Each structure stands twice: as structure tokens, then as C-alpha cells.
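A.B. asks: Got a structure for you, questions after.
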Amino acid sequence: MKHLFLTTALALALAAPALAQVESDDPIKLTLHDWTGQLITTNLMAAVLEEAGYNVELVQADYLAQFAGLETGDLHVAMEMWETTGRDAMDASIATGNVVNLGETGMKAIEEWWYPSYMKEKCPGLPDWTALNDCAELFATAETAPKGRYLGGPVTWGGFDEERIAALDLNYEVIHAGTDAAMFAELEAAYQRQDPILLWIYAPHWAPQKFQGEWVAFPPYEPACYTDPAWGSNPDATHDCGKPTGPIWKVAWKGFGEKWPGAAAAVTAFTIDNDTMGAMIAKVDLDGESIEDVVDEWMDANEATWSAWIAQ
Amino acid sequence: MMLWRGIWALLAVAALVLAVLLPEGWMWPAKEMQLPMARWISAGMKWLTDSAAIGPVSFKDLTRGFAAVVEAPYEAARVLLVDGITEGKGRRAATIVPPLSWVAVTVAAVALGHYARDLMLGLLAGALMIYLAVFGQWESAMVTLASIVIAVPMGVAGGLALGIAGWRWKPVERVLMPLLDLMQTIPTFAYLVPVLVLFGFGPVAALLATVIYAMPPMVRVTLVALRAVPAEIMDFAAMAGCTPGQRMRKVMLPVALPDLMVGVNQVIMLSLNMVIIASMIGAGGLGADVLESLRRLNIGGGIEAGLAITALAVVLDRLGQALAERAGGRQALQGPWWRRHPRLVLVLAVALATGLLGLVLPAVQDWPKGWTVTTKGFWSGLMEWINVNYFDQLETFRVWMLEHLMLPVKRFFFALPWPFVLAVLALAGWRLGGWRLSALAAALCLFVAVTGLWEQAMMTLYLCGISVLVAMAIGVPLGIWAASSPSAGRGIGGVVDTLQTLPSFVYLIPVVMLFRVGDFSAMVAVVLFALVPAVKYTAHGLRSVPAELIEAGVVSGATRGQILRKIRLPMAVPMILLGLNQTILLALSMLVITALVGTRDLGQEVYIALTKADVGRGLVAGLSIAAIAILADRLIGAAAKGARERLEGAG
Amino acid sequence: MTPPVKLACRHVWKVYGPHPERLAAAGADLDAIRASGHVGAVRDVSLEVGEGEIFVIMGLSGSGKSTLVRCLSRLVEPTSGEILYDGEDLLKASPARMIEIRRHRMGMVFQNFALLPHLTVLENVAFPLEVQGLAREAREARAREVVALVGLQGRERHFPRQLSGGQQQRVGIARSLAVEPDLWFLDEPFSALDPLIRREMQDEFLRIQRQLKKTIVFITHDFDEAIRLADRIAIMKDGALVQVASPEDLVLAPADDYVRAFTAHVARAKVVTLGRIAAAGVPEGIAGTLPAAARVEDVAEQVVAANAPFAVERDGQAVGHVTPAAVIAVLVGRGG
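Chains as they are written, first to last, in the working numbering: chain R, 576 to 887; chain E, 1232 to 1882; chain B, 7 to 342.
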């Protein structure tokens, strides 16, 4: 908790002389959300900026609600805005002229239907999506039978699964979990019992690290699939394909670059890949290490990398 | 009487017939009659934040300024309990003066307990503080404590001020009462976004949301307490020649103090209830730990952090009550201040000593990591064992409940045409409380109809209705049992109190693991939470039946069963109805949280609005929940009043 | 010789309901008030209390006696009428003036004591002085005096809940006397006490009054208490005065059946004074001299034991004599 908030009064009284020359002493506010990967990304960025001599403050804010703060300048940087879930909100916010996109984080978001490996024995046709209908009864529960049960993400995540089911004529029903915690709770319970389960999983996340399983292979996404009914196997419907994968973006308040040009350059330069991130997430969520320790470890091991970001 | 029974029976039959014959959603409010209230509210909010101004000062500057004023004492509390004074920022920050050591805080808790009542209470408080340290919750608990020690005085002072104003000026009270109703029935999620927008992101916004949530009972208690000051004491104040200010300060507030402390207690408990939700907008502390544990499916971690919240609640509650009883109790000691305040001197000495000693012996400053204990393995093992061995039985039960109870009821609510619902509510209002209540019922029902959230509202009614039914079916017998013997009362009371302070998030995840995502899990979670008043009020109602009546039963040769059925239960009906009322209100307040396990009711609507930062949508859905809550409250309140009057009329 | 009037009220009305002024102005009778949905708590009451007099207002519950005393102290705003205290109409006094009058010239004792539970005995007694802004030393010194007057020395640092009912009311009495008021209201001060304590407190009250000579308005529902303490008694019924007279006149000449119902069971010896039964002239061989205002009950033992007549005198002048036979006649309920 030590590196979180500090009073302005104290900051003034005890201005740190050891810091390098930076553009402004005001704290740069980075937003924290509620999933581990984002916490690691943000803490990494914060550590790097502090090495460069900036004051940094980490603020808990909701993933989408934060745009209100980014637009007014209450908040400055959001480190993970997923193409798959945040694109609309991000575009709307950028359209106001008060928020800018600082480029990709280097991580690719994957979101798709997923099943545990043991289901492959019971439903040999997997991972191909055409096998899903043969196994619908396998995945069914009392409420959905004879249809199969697909556990979707929270309604707010969107994802067009109802449309996908209709377009691909899948004999399934979407049950929306209210939160990802509920979703993974069901997965954990089913996995313990080795019971059938089919659900929405995203990466980078600890779940694909902890549980053996695979993504269902739908016809690969293309933008035309979501807009043009003629595309794909169903000539009368859109969404007859898998979900898009896409970059995870960094966004910032428009004044960020003017006030702290060096910091803005460092944030823009920040990149990390899925595997590195996945390994760090697993250390935190599965091995119980603290985020601070994992970040420190990375900082020690990759000094050359992050020095290059702030050297710009 | 007979006539009305006939009419109600007829209406019930009509409703059933409608439900069987009509398809779901046959007559829901038409699109044309919906008002774009969400848009209006959002636009109003935008105006408030962007353009509203009082003279040269914009409204937003005003609210931000207020937030800055609140931030100062909060930061001070953090320095004392969590951060200490540090040099530099962030990761390189070096501690110059450490925060209070765990030893000092624990000694302070013991001293406060001893001051408030006796050594036993002090030891209890100290033991619970040690519990926090042993289970590795110390730092988070201190973060939570820092916000509680700021939020509670703010809630108390604000509630007191509003209560006094309401007592003094009738018009203020008239405005205040409906406002309090709304504040207590609108789910917190609904006003988190406006609070964020007005007060900025961070712990202060969370603090203010906590105050908004925790203050209403203090206002009500203040009003009641001031009114309860005996007329003679008021006469005396006048005869002694008090000015109005003297009367309030020197007479009324001190005389009302024991009653006011009930309000303080409520503020403490509600502030702790808010810990989790506040952590969603940046409060940190134990609430954040609970959420984080649950996200990692670390059930044990969630339970430990949740129980730590319970422990804090118990400490603050007991200390608060003891201080209230003590108020005006003892004679002050004589002499210089360090003689008069021996405990304060002790605490300061310990704080200083441990602070210095901590520099060489870190274990005195921070509880060493190696000394912490965890039960995480036990809890996840227990869950896995239940899951693997008993899931089939649980699943059978769940399916049976769904098919035989929940789905038919859901269909029933979905099939009802909205004018029919409106008519029945208005009629019930008229029967129970005259035309005023009837008009209120109709207006509230109409409000829900024009919001365009009828489907979600029916879903809410169905989920809430079933949950309340089940909670009463379990809670009333438990209450009867608790009232039957002191030992049963203590046992059940303990469980019920824990359920009340344990954040519901803690059992949400285990419930989902055993009962899957869906309405049934939501129902189980709501029942666990809303069970409390059903048990408490039933037990209280049964216990407070006058002894003479029971003796009269005994001398007439009634058996224990007869006394229960023919004397105690009928006499306890008004109290049980009050319990029902509270159960409904709690169930409604819980619905927002069940949105997290995927229900599609008004709670989900509020939750979606929260994640989309849609002020209007959230408030409209929140107001719809408030409308349902107020409706239920008034109708049942009127019924309870009727029952009481009949009892008193007969006796 | 009548003492000067200290407190007087003229045509005081207190009517509760939607249009109280209208009914008071019309002087409506009880039935009319009730029929219009009003409550006539005090109806057209006029009375005068002389300086140093103990004036008792007696009535059953609901008779309006409590409302009347609250009108006299203006704790309740009368609907109409005049309340004259030393000739000043209290109903015309400004709030600030009322505070001034109450702070220095009125005291009141309450049925349920109305002590402040968070203050000690001393602080309670000193409270009216604290409100006036008196310094701590001065007010506590004065409070100690009055605490001693009511016999509670040594208990100054107790809290009210640590005292018995009788002791608590002594605190109430001390508190009401702390500001040295001329006018002293006592609203059923002993009704909440046990009979034995009540008797003791009445004696205590008479002792204090002999010492201080206040002008007193004393409310009670207990007729025995009224005749024991009163110089004059006002009997109230349904908000109006039925009869105002000395205890003796009330018993011997009740104005109507309502008053008679109270007085019928009163032992006459308790009210009849020697002046009333004195025979003319002073015979030889008197055993002593007794005051005309003495009540038969109080001297009966002395007279009967002496078995000889006593001279009766008023203001130092002999007005006649009483014989043991006459005293015995009163005792058995015949004479007077």
C-alpha cells in the first residue's frame, strides 16, 4: 500500500531532491481495474515512470467508467483498453477530443468459447465448431435441455454470442454470468468434478494457465463477418464466425503528452507480450506472490528494456 | 370482512387464470408510454458538472473543494494508521516516521475498552485486533479503519445536523422524510457514478458514498430522540430561562444521548457494510481484499478478509455501545491532565516506545509475515469436498426448486398485464391505508411502468418474492426456536449476527460453485442475507408477549404448543410483519449484488449502468427499486398497524 | 387584612382545535366547544394569588389544572386572557423578556422531577445559574447552599439515578430555588412518591416555606394534600374553576355536589380552625391560649388532655374560647 497515495501537503514539505529533472512534479494518475493482468501492467508502468523521476499515483477506477475521469483530466493514463471489449467506449471517448490513443501494449486479446481438455474424449470432434451440435446434450443442464449450455460473460461485455448461435445454427443457449468471478467459479467447480462446461474465456488470464483446455475453432473473424450477411457459411446472417482478437491499447488524457512529454514517450514505448504477461499473472494468481514482488523481479531482470523506454 | 375476503379470493383466481392463459409479456407497458427519464437525468447531470455555477464558482469546483476538505483528515488518519510519514513518492518512498505499530493500536483498543466499560471488553477488543494481525489482515484493516474513523463522525455529524433541522423546522422535515426513504432504498451502485463525477476518483469519493449510505438512520434516530425528550424536561429548560441554543446544547442533546448512540451504532454498521462497494471505487482495504480474493477464486482469502470486516464491526459496535452506556456515568479524576487520563498516557507511551523499538526490532512495528496463519487451504479443500461429493444431490434439489417453484412464479409475474397489477396495488393500498396510500401505490406502480423497465421490475418482484418467501419459511421457525430457550437464542443469535456483518460477496462465489450461475444462486444468496430480520423480529415478537398472557394460558391448562399457536404467535404478528418488511427491504438491497451472478433484473440494470458510467440509466433503475421498496414498506407497514390496532382493540 | 396580589389571571382561555380564538372570544360553553371538535383545557379562569400565599389548584386528571399552571408560567400560550405578574402582563412580554423573568423571578418543580440525567446533583441545582452565565465558583457556592437547605449535603456529586425518588425531588426543589424566585410553581411535586415519603416531603415543604415565604402555586389531585398545605384552594373541573376558598370554607360550605363529593370524607378536625368553633368570651380557669388559625386536629390532644378551656386569640386579641367538648364534637364529626 505504501506506494499508493500521499498527501500533497507532505509531498510539498518533503520534496524529494533525489529525483531526476522532470517536466512536472504533479503525480501522474494511472488507473487500476479489477483483473490481475491490468494491475501488473499498470504497476510495471508506474515503476518505470518512477525510475525516470516522475511522481505516480495509482487510482482504482472502473474499466469503462474511467473515461469520464480521463476526459476531464482527473485521471491520466489507462494501460489496458482491450480491442475486444473497450473499443466502442474508447472510440466514443476519443471522439470527444479529450482522450488520445497511445498505441498497442504488444499484448493480443483473445476471447473465445473454451472447454476443458477432458471434454475432448467425450466429444471427439472438438475443437472444430461443427462438433458442438453433436455434443449439445452433453453440455445441457436442466434449464437448457435439450439445448447445450454456454456460459457467457457478463452482459456488459457484449460479444454477440446470441447472434453467433443463431447465425451458425447452434443448438445452444447463452447463460450470462454477472461477473468473471462467477464465471470462473463455475469453471473451477466443474473442473473439480470433471463435468462438462463450455464458457467464454479470455487471455491474457490465469485460467488458461491453471486449467487444461482449448478454444473452440470457429471460422476465423474478419470485419466483414460482423457487418456483411453474405460473408461466411450463413448467407442471411452476420456473426457467423469466431470472435475478433485484437490489440490491447493504452489510452491517455489529451493533456498528458503536453504536461509530461517524457512520460508520454515512455508509455507509448511500453510493450510486453502475452507469454511474459501470462507467466507473471500465474505467479500472482496461482502461486500467491504479491504484485509488487513480481513487478520488482521483472524490473531487475529487464533493466535494458525499460531503460530504453525512458531514454527516449 | 366476508365481502373483502371474497374480493381478494376472486382477484387471486383472476390472476392465476391470467397467468395460465396469457403469454409472457402479453401486456407490458407500451413503448409509446415510456418517458426518456434516463436521458433527462444524464443531461441534468451533465449540466450540473459542466455548466452549473453559483456566481463565479462552478458547481463542480464546489464539490471538488468539498472533497479536498474531506481529504485532509482522511490523509491524516492514513498517516497515523497506515502510511506513516514518508519521504519521496511511490516505490522509492522511505519511511521517516512509521505509522502506529500493531502493538500500539492493540493497546489503544484495550485501553478504550477498559475506559468504556471494563477490562473484559478491553481484552475482547484487543483479541480481535490480534486476530487481524494473525490472519495477515493488519494493513488492509488499518486502511479500512482509517476511512471508517472519518466516515462515521461525518455521518453522525451530518445526520445530527439534518435531524436537528428537521426537528426545528417542520418544512425541512417534510422534505427530508421522502429523501431519506430514497437514500435508504436506492441501491448504492446507482449513485456511485454521480459521486465519482462530482467528487473525483479515489478514496474520498468512496468515503462520501459511504457517508451518504450510512447517514439516513442517524437523521431518523435524531428526530425520534429529540422528540422523545420528556415534555417536563422541555418545560424545565424553558423555566430555567434557556435560550433555544442552550436548550439544544445543554439539555436536549445530553438527555437524548443514549438514544442518539443507537444511531451512531447504525452509522458504524452501515459504514462497514459499504466497505466492499466502496472498494470498487477506490477505497482499498479489506473490501478490496475480499473482491480480489474472489476474483482469484481464493475462497479462503475472501472468508478471512470478510471475517476481518466482521471483527472490526464487532470491536466498533461493542465499544460504541459501551461508550453510550457510560455517557455521563463516572466522575472525572482530579489533578493535571496526565493524572486525569492515565490510559491516554499509557497509549502514547506505548506508541512512542514501540515506534522507537520498531527501528531495531521490526516485529514490534509490523506483525512478521512468518507469524501469520491462514485457513485458505481448509476452505478451498472443504469446498472441493462438498463439490465433488454432494454436487449431484444439490443439483437435484436445485432443479426441483426451479421447476416446481421458481419457474411457475416467474411465469406468473411475467404474464400479468400491467393495468391489472396497478389496480390490485391501488386496491390493496385503499383497503390497508385509505385513499392516500392507494394513490401512492398507483403512482409508484405507474412510475415503474413509464420507465420502460417493466420486464426487469417483474423479474425483481419474482426473485425478491421467492427469496422473501423462502427466507420467511426458514426464518420464522428459526425465530420460534431461538425464542424457545436462552441457549438456542444465543446460538442462533451468533450465527445471525455473523451473517449480517459478513459481506455477502464472501458467500456469493461458493454459492455459484455449488449451484451454477443463475436465478437459484441469486435466490440462495438473497435468502442468506435477508434471513436475519425474519429470525430476529420473530424471536423478539415472541419474547415480548406479556408474561401475564402466558400465565393466563397456563392456568387455563393450555399445552406449550397451544400457548405458542393461540397466544404467542397471534400476539407476535405485528412484530413478525415488521420483520417481513425488513426482509423485503434487505432482499431488494441485495438484488444489486446478485446481478454479479447473472440475474437480469433491475439490479443488473443498475450494475450495467455502473460499468458504463451511465448516470441516468443507473438512477432510473435505482429509483424503480426504490419505488418497489417504498411500496412494499408502506403496504406492509399499514397492514402491521392494522394488526396492532386490532390486537390492542381486542385487549 | 389581605396581602398584596402577586399573580393574577383574568379570563384565561386555552382551547385546542382548529379555531380556538373564535370559541374563546364567544365564551362558548363546554358542550358547544366539544360539539365543534375542540377541547377546552382552560375556560375563562380568573384568580388572584396573594404574596406569600400557598395557593393550591386541585382537580382530577384532565381537569385542566396542569394546563392552567403552564398558562400562568406561559409554558403554554393561552388562547386569550391576561396573566399579571406584579402587574406586568406576561402574555405581552417578548421572548427575551420572558427568558429574563424566568431566569430570575420564577421557579418550578415538576411531577417527575425533570432532572438532567447527565449532571450531578450539584450541577443540576446550579444549572439555572449556569444558563444565566454565572461563573462556576459562584454558582456552585449558591447551589451548595440550596442543597443544604433541602438536606442533601454530602450527595452533591451523586447522579440523579443514584438517588431515591424523594431525594430526587429534593434536588428538583433545590434547583427551583437556586435563583431565589419570588413565584414558585409546584406541579404535583409529590404525586410520584410513595405515601410515607409524600407525607415527609409535605412537612419538608412547609418547613422551607416558613423559612422563605414564597408566593406559591401548587398543583395536586390529592385533596388531603391540598387541605394540608393550602391557604386557599381552587377546585377545577373541565377546565373551569368550581370554587376558590380556604380549606375550612370548602369543607363546611361546598359550592356544589362536585366539591361536596371531595369534602364529604374529610375529617373535619383537619380543616376546622379554632376561630370557627370558639365560643364568645374567655371564661375563668383557661389552660392556655391558642391561635385562631390553628386547626382542631393539631391541638385536640392538648385541649382534651388539659380537660379545660383554652383562650383563642387572633393577632394578639382574644376572640373567644374553646372547650374540650367542642373539640371532641369536631373530632367525631358533629361540630363546626
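Where is the CB? At the ideal position from N, CA and C, for every residue including glycine. In this text, all values refer to a predicted model and were calculated from it rather than measured experimentally.
Does the segment 1547-1558 of chain E come within contact of the segment 1493-1507 of chain E, defined as at least 3 CB pairs closer than 8 Å?
C.D. replies: yes
A.B. asks: Could you confirm whether any beta carbon from chain R is found closer than 7 Å to the beta carbon of ALA1881 of chain E?
C.D. replies: Bear in mind that the predicted position of ALA1881 of chain E carries a pLDDT of just 49, short of 50, making it unreliable; the figure below should be weighed with that in mind. Chain R contact via Cβ: absent.
A.B. asks: Name, please, each residue of chain E whose Cβ falls closer than 7 Å to the Cβ of VAL338 of chain B.
C.D. replies: Those within 7 Å of VAL338 of chain B in chain E number zero; the least Cβ separation is about 43 Å.
A.B. asks: Quick one: what's got a C-beta closer than 7 Å to GLU136 of chain B's C-beta in the same chain, skipping five residues either side?
C.D. replies: ARG145
A.B. asks: Counting only beta-carbon atoms, is GLN613 of chain R nearer than 7 Å to chain E?
C.D. replies: Proximity of GLN613 of chain R to chain E, defined by a Cβ-Cβ separation below 7 Å, is not satisfied.
A.B. asks: Can you pull the chain R neighbours of ALA1863 of chain E, defined as C-beta to C-beta under 9 Å?
C.D. replies: Result: empty, since nearest Cβ-Cβ is about 24 Å, beyond 9 Å.
A.B. asks: Hey, out of B:ALA34, B:ARG40, B:ASP228 and B:ALA102, whose CA is closest to PRO1475 of chain E's CA?
C.D. replies: Looking at the Cα atoms, B:ALA102 is the closest of the given residues.
A.B. asks: Exposed or buried, which one is ARG282 of chain B when buried takes at least 16 other CB atoms within 10 Å?
C.D. replies: buried
A.B. asks: Using beta-carbon positions only, say whether ALA1539 of chain E and ALA1372 of chain E come within less than 7 Å of one another.
C.D. replies: yes
A.B. asks: Determine, for ALA595 of chain R, whether the minimum Cβ-Cβ distance to residues of chain E falls below 7 Å.
C.D. replies: Residue placement at ALA595 of chain R cannot be trusted, given a pLDDT of 47 that sits under 50; what the coordinates show is reported in the next sentence. Not an interface residue.
A.B. asks: Could I get the ranges of all uninterrupted beta strand (DSSP E) runs contained in the segment 1820-1877 of chain E, with 3 residues as the minimum, in chain order?
C.D. replies: Complete beta strand (DSSP E) runs here, min 3: none at all.
A.B. asks: Below 7 Å between beta carbons: does that hold for TYR747 of chain R and GLY723 of chain R?
C.D. replies: yes
A.B. asks: Who are the Cβ neighbours of ILE866 of chain R in its own chain at under 7 Å, not counting the five residues just before and after it?
C.D. replies: LEU614, ILE615, ASN618 and VAL859
A.B. asks: Taking PRO24 of chain B as the query, report the chain E residues whose CB atoms sit under 7 Å from its CB, ordered along the chain.
C.D. replies: Result: empty, since nearest Cβ-Cβ is about 17 Å, beyond 7 Å.
A.B. asks: What residue range does the beta strand (DSSP E) around LEU247 of chain B cover?
C.D. replies: 246-251
A.B. asks: On the DSSP letters alone, give me the boundaries of the beta strand (DSSP E) that GLU789 of chain R sits inside.
C.D. replies: 788-790
A.B. asks: Along the chain, where does the beta strand (DSSP E) that runs through ASP193 of chain B open and close?
C.D. replies: 189-193
A.B. asks: Kindly say whether HIS271 of chain B, judged by its beta-carbon, lies nearer than 7 Å to any beta-carbon of chain E.
C.D. replies: Not flagged as an interface residue toward chain E: HIS271 of chain B, since no C-beta distance is shorter than 7 Å.
A.B. asks: What separation, rounded to the nearest whole angstrom, lies between the Cα atoms of GLY1873 of chain E and LEU1811 of chain E?
C.D. replies: Cα-Cα distance, rounded: 15 Å.
A.B. asks: Count the other CB atoms within 10 Å of the CB of VAL1248 of chain E; is the residue buried (16 or more) or exposed (fewer)?
C.D. replies: exposed
A.B. asks: By the three-class DSSP mapping on this structure, what secondary structure does THR1627 of chain E have?
C.D. replies: helix
A.B. asks: Give a yes or no on whether the C-beta atoms belonging to LEU1241 of chain E and ALA1646 of chain E are separated by under 7 Å.
C.D. replies: no
A.B. asks: Whose C-beta lies closer than 6 Å to the C-beta of MET656 of chain R among residues of the same chain, with five residues either side of it excluded?
C.D. replies: MET665, TRP824 and VAL826
A.B. asks: Any C-beta of chain E sitting closer than 7 Å to the C-beta of ALA120 of chain B?
C.D. replies: yes
A.B. asks: What did DSSP end up calling TRP828 of chain R once you bin it into helix, strand or coil?
C.D. replies: For TRP828 of chain R, the three-state secondary structure derived from DSSP is strand.
A.B. asks: What is the DSSP secondary structure of VAL338 of chain B, reduced to helix, strand or coil?
C.D. replies: coil
A.B. asks: Can you give me the start and stop residues for the beta strand (DSSP E) that PHE316 of chain B sits inside?
C.D. replies: 316-320
A.B. asks: Would you identify the three-state DSSP class for THR1732 of chain E, choosing helix, strand or coil?
C.D. replies: helix
A.B. asks: Name the residue from E:TRP1649, E:ARG1526, E:VAL1804 and E:GLY1868 whose alpha carbon lies nearest to the alpha carbon of TRP781 of chain R.
C.D. replies: E:ARG1526
A.B. asks: Using a Cβ cut-off of 8 Å, pull out every chain E residue sitting near GLY753 of chain R, in sequence order please.
C.D. replies: VAL1748, THR1825, ALA1826, LEU1827, VAL1828, GLY1829, THR1830, GLN1835 and TYR1838
A.B. asks: What are the residues of the segment 1460-1474 of chain E that lie near chain B, defined by any Cβ-Cβ distance shorter than 8 Å?
C.D. replies: Those would be PRO1461, GLU1463, ILE1464, ASP1466, PHE1467, ALA1469, MET1470, ALA1471, GLY1472, CYS1473 and THR1474, in chain order.
A.B. asks: Can you tell me where the alpha helix (DSSP H) holding GLY807 of chain R begins and where it ends?
C.D. replies: Neither: GLY807 of chain R is in no alpha helix (DSSP H) and is coded neither H nor E.
A.B. asks: Looking at C-alpha atoms only, which residue of R:LEU713, R:SER668, R:SER882 and R:ALA706 is the closest neighbour of ASP770 of chain R?
C.D. replies: R:LEU713
A.B. asks: So ASP609 of chain R contacts chain E; which residues on that side make the cut at Cβ distance below 7 Å?
C.D. replies: What ASP609 of chain R touches in chain E: LEU1522 and ARG1526.
A.B. asks: So with Cβ pairs under 7 Å, would you call PRO1485 of chain E a contact of chain B?
C.D. replies: yes
A.B. asks: Flag GLN1477 of chain E as yes if its beta-carbon sits less than 7 Å from any beta-carbon of chain B, otherwise no.
C.D. replies: yes
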